[in-house]
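One structure is given here, and the rest of the page talks about it.
Structure (structure tokens):
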């Protein structure tokens, strides 16, 4: 006698049969979460570590830019046409540096929001898996 998947059991995940007799339906994220690998959240951890390293490098670069911007004494080079032209270029550099700082601030805020979203999603999955008697970490 042939077995017909009902769409409710473990085999329905493998065969792609879903309730209603449809074949090849999109993956249902609520089913079969007990086959998660041990390192399911490892890629998130690596991404966060990579972003932390980039953030530290960006902060060092911003600190260097600030030092360069504010270490010059006002009126240090005056009276020379070449230095006046260089000062106007310096203003452009300062405005570019400030816009870069603003972009980096926005990026940092966006990253923090994404990290909070990932953490919330992970907590939700741990609660869902815990309700089914499953665990995300090996004990």
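In UniProt numbering, the protein residues as written are 1 to 139. Virtual Cβ for every residue (Gly too), placed ideally from N, Cα, C.
Beta-carbon contacts of residue i that lie in its chain and below 6 Å, excluding the five residues immediately before and after
i           : result
residue 120 : none
residue 44  : 118
residue 47  : none
Sequence-distant residues of the same chain with beta carbon closer than 8 Å to residue i, five excluded per side
i           : result
residue 113 : none
residue 127 : none
residue 106 : none
Distance CB(residue i)-CB(residue j) smaller than 7 Å
i           : j           : result
residue 162 : residue 58  : Nothing can be reported for residue 162, as the shown portion of the chain is limited to 1 through 139.
residue 62  : residue 101 : yes
Outcome for residue i when other beta-carbon atoms lying within 10 angstroms are tallied against a minimum of 16
i           : result
residue 131 : exposed
residue 60  : exposed
Neighbourhood of residue i by C-beta distance below 7 Å, restricted to the same chain and skipping five residues each side
i           : result
residue 51  : 111
residue 94  : 69
residue 124 : none
residue 97  : 65, 69
residue 53  : none
residue 115 : 48
residue 55  : 108
Subject >> Segments assigned alpha helix (DSSP H), at least 4 residues, entirely inside the stretch 35-71 >> reply: Fully enclosed alpha helix (DSSP H) runs of no fewer than 4 residues occupy 42-71 of the stretch 35-71, in order along the chain.
**OP:** Pair every Cβ in the stretch 123-137 with every Cβ in the stretch 54-70, then say whether three or more of these pairs are closer than 8 Å.
**Re:** no
**OP:** Quick one: which unbroken alpha helix (DSSP H) runs of 4-plus residues sit fully inside the UniProt region "Disordered" (87-108)? Chain order, please.
**Re:** Whole alpha helix (DSSP H) segments, 4+ residues: zero.
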